[in-house]
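What follows is a set of notes on a single structure, which appears directly below.
Chains as they are written, first to last, in our numbering: chain Y, 2 to 105; chain C, 19 to 241.
Structure representation (structure tokens):
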């Protein structure tokens, strides 16, 4: 079974009252280092079998027709989960190497 | 004249909209979201409420309901369509009207009597007003802030497609205090406030709302 991950964020120029409310609550918790919070949405679309280029194309189509409203939102990423995880794994490896480099 | 009022799962104001149609002297016709056709009605109202629980985005799921497959081409062909509150959101999601409606800038649900200035009388739903006339109707929304980019807003203003504006404090952060807009042809109107709650003396802040519903009678009789 494969999964496509679609991330949608409110456009920069659109006021995001939900993000602002979260930012206010964070500040009250003492997390004052965050100057702005914006709240988006993540969709996971599951398919039988592997995620193919066709699956990704269909997911992109779904992202712009139903999952987002282009007037107020941007689709920021449409990726197969295995790719997202691979990128993360690669980043983790790089981070560990960098730390080891610092220590050496 | 027969005016259809669509009921989606989660519609709240369909009953009041049908009552307003009746008080205006027309025959209200119940349309169900899963209906494939429009039963030959001569105008359609998409009422307020929280269709499909406002899941995903307000109006986003309703826009793909079977009845909208009939409403969208009919509206493009000139059928008068009025979207009130959630109905306005559905019209924007359907791309029958430009822009989008987002959460109020103050993050609170607002319910109050609201003064509007009718900016355009060249629509199927506002032809009975005087240009610049001020009316008082009910406003009640959580996601009523009208958003569009500057180019779209300039275009709407130049073409006289801003139908109504809020008078006094902007109640939800709508750009340029826009309360309602229309399409190029003037048959499709989206309105955030609720004229259907201001059609009968003793109930609601005025009877100013009735003119939206009597206007469409005249527009169809003339056509």
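Positions of the beta carbon are idealized from the N, C-alpha and C atoms, including for glycine.
**Request:** Give the residues of chain C in contact with residue 22 of chain Y, contact being defined as C-beta atoms less than 8 Å apart.
**Result:** Counting from one through the first chain, the residue named residue 22 of chain Y turns up at place 21. Result: 125.
**Asked** At a CB-CB cut-off below 7 Å, which residues of chain Y make contact with residue 118 of chain C?
**Response** The sequence position of residue 118 of chain C within the second chain is 100, counting from 1. 70, 72, 73, listed in chain order.
**Message:** Is there a C-beta anywhere in chain Y that falls below 7 Å from the one on residue 179 of chain C?
**Reply:** The count along the second chain starts at 1 and reaches residue 179 of chain C at position 161. No, residue 179 of chain C does not count as interfacial toward chain Y.
**Simplified DSSP state of residue 193 of chain C, which is helix, strand or coil** = Locating residue 193 of chain C in the second chain gives position 175, where the first residue counts as 1. Helix, per DSSP.
**Residue ranges of each alpha helix (DSSP H) within the stretch 30-75 of chain C, 4 or longer** = 32-41
**Request:** Find the nearest neighbour of residue 72 of chain Y within the set C:190, C:197, C:115, judged by alpha-carbon distance.
**Result:** In the first chain, residue 72 of chain Y corresponds to position 71, counting from 1. Residue 72 of chain Y has its Cα closest to that of C:115, out of C:190, C:197, C:115.
**Item:** Alpha-carbon to alpha-carbon, residue 27 of chain C and residue 144 of chain C
**Value:** In the second chain, the residue the question calls residue 144 of chain C occupies position 126. In the second chain, the residue the question calls residue 27 of chain C occupies position 9. Taking the straight line from one Cα to the other gives about 28 Å.
**Prompt:** If we ignore side chains and look at the alpha-carbon of each, how far apart do residue 47 of chain C and residue 75 of chain Y end up?
**Reply:** Residue numbering aside, residue 47 of chain C sits at position 29 when the second chain is read from its first letter. Residue numbering aside, residue 75 of chain Y sits at position 74 when the first chain is read from its first letter. One C-alpha to the other measures close to 39 Å.
**Message:** Give me the residue from C:38, C:19, C:187 with the minimum Cα distance to residue 102 of chain C.
**Reply:** Your numbering for residue 102 of chain C matches position 84 in the second chain. Residue C:38 is the option with its Cα nearest to residue 102 of chain C.
**Request:** Spell out a yes or no on whether the stretch 46-61 of chain Y and the stretch 77-88 of chain Y are touching, meaning 3 or more CB-CB pairs, one atom from each, closer than 8 Å.
**Result:** yes
**Request:** Check residue 103 of chain Y in the structure and name its three-state DSSP category.
**Result:** Indexing the first chain from 1 puts residue 103 of chain Y at position 102. Residue 103 of chain Y: helix per DSSP, three-state reduction.
**Request:** Reducing DSSP to helix, strand and coil, say where residue 86 of chain C ends up.
**Result:** As a working note, residue 86 of chain C is residue 68 in the second chain. Three-state DSSP puts residue 86 of chain C in a helix.
**Item:** Spatial distance of residue 88 of chain C from residue 34 of chain Y (CA atoms)
**Value:** Taking the second chain and counting its residues from 1, the one referred to as residue 88 of chain C is at position 70. Taking the first chain and counting its residues from 1, the one referred to as residue 34 of chain Y is at position 33. C-alpha separation (whole angstroms): 51 Å.
**Prompt:** What did DSSP end up calling residue 1 of chain C once you bin it into helix, strand or coil?
**Reply:** The requested residue 1 of chain C is not part of the displayed model; chain C covers only 19 to 241.
**Message:** According to DSSP, simplified to helix, strand and coil, what is residue 84 of chain Y?
**Reply:** The count along the first chain starts at 1 and reaches residue 84 of chain Y at position 83. Three-state DSSP puts residue 84 of chain Y in a helix.
**Message:** I'd like to know whether the C-beta of residue 30 of chain Y is nearer than 7 Å to at least one C-beta of chain D.
**Reply:** Included in the structure are the protein chains Y and C, with no chain D among them.
**Asked** From this set, C:212, C:189, C:140, which residue's C-alpha is nearest residue 237 of chain C's C-alpha?
**Response** By 1-based counting over the second chain, the position of residue 237 of chain C is 219. Nearest C-alpha to residue 237 of chain C: C:140.
**Message:** Between which two residues does the alpha helix (DSSP H) holding residue 116 of chain C run?
**Reply:** Your numbering for residue 116 of chain C matches position 98 in the second chain. First-last for residue 116 of chain C: undefined, no H or E at that position.
**Prompt:** So, is the C-beta of residue 75 of chain C closer than 7 Å to a C-beta in chain Y?
**Reply:** Residue mapping note: residue 75 of chain C aligns to position 57 of the second chain, counting from 1. Yes - at least one Cβ of chain Y is within 7 Å of the one on residue 75 of chain C.
**Asked** Looking at the C-beta of residue 6 of chain Y, does it have a partner C-beta in chain C at a distance below 7 Å?
**Response** On the first chain, residue 6 of chain Y is found 5 positions in, with the first residue counted as 1. So no, residue 6 of chain Y is outside the interface.
**Message:** Using a Cβ-Cβ distance cut-off of 7 Å, determine whether residue 16 of chain Y contacts chain C.
**Reply:** To locate residue 16 of chain Y, count along the first chain from 1; it is residue 15. Cβ-Cβ to chain C under 7 Å: yes for residue 16 of chain Y.
**Nearest residue (CA-CA) to residue 9 of chain Y, options Y:25, Y:66, Y:23** = Numbered from its first residue, the first chain carries residue 9 of chain Y at position 8. Among Y:25, Y:66, Y:23, the Cα nearest to that of residue 9 of chain Y is on Y:66.
**Request:** Taking C-beta pairs closer than 9 Å, name the residues in chain Y that residue 111 of chain C reaches, listed in chain order.
**Result:** For the purposes of this step, residue 111 of chain C is taken as the residue at position 93 of the second chain. Per Cβ cutoff of 9 Å: 70.
**Item:** Where residue 133 of chain C sits in the DSSP three-state scheme
**Value:** The residue given as residue 133 of chain C occupies position 115 in the second chain. In the structure shown, residue 133 of chain C sits in a strand (DSSP, three-state: E or B).
**Message:** Taking the straight line between their C-alpha atoms, what separation do you get for residue 80 of chain C and residue 147 of chain C?
**Reply:** Locating residue 80 of chain C in the second chain gives position 62, where the first residue counts as 1. Locating residue 147 of chain C in the second chain gives position 129, where the first residue counts as 1. In a straight line, the C-alpha of residue 80 of chain C is about 30 Å away from that of residue 147 of chain C.
**Message:** Just checking: is the beta-carbon of residue 169 of chain C within a distance shorter than 7 Å of some beta-carbon in chain Y?
**Reply:** As a working note, residue 169 of chain C is residue 151 in the second chain. By this cut-off, residue 169 of chain C is not an interface position.
**residue 86 of chain C at chain Y interface by Cβ criterion, 7 Å** = Here residue 86 of chain C refers to the residue found at position 68 when the second chain is read from its first residue. Closer than 7 Å: no.
**Request:** Ignore the nearest five residues each way along the sequence and tell me which others in residue 48 of chain Y's own chain have a CB closer than 6 Å to its CB.
**Result:** Residue mapping note: residue 48 of chain Y aligns to position 47 of the first chain, counting from 1. Excluding residues within five positions, the ones whose Cβ falls inside 6 Å are 3, 56.
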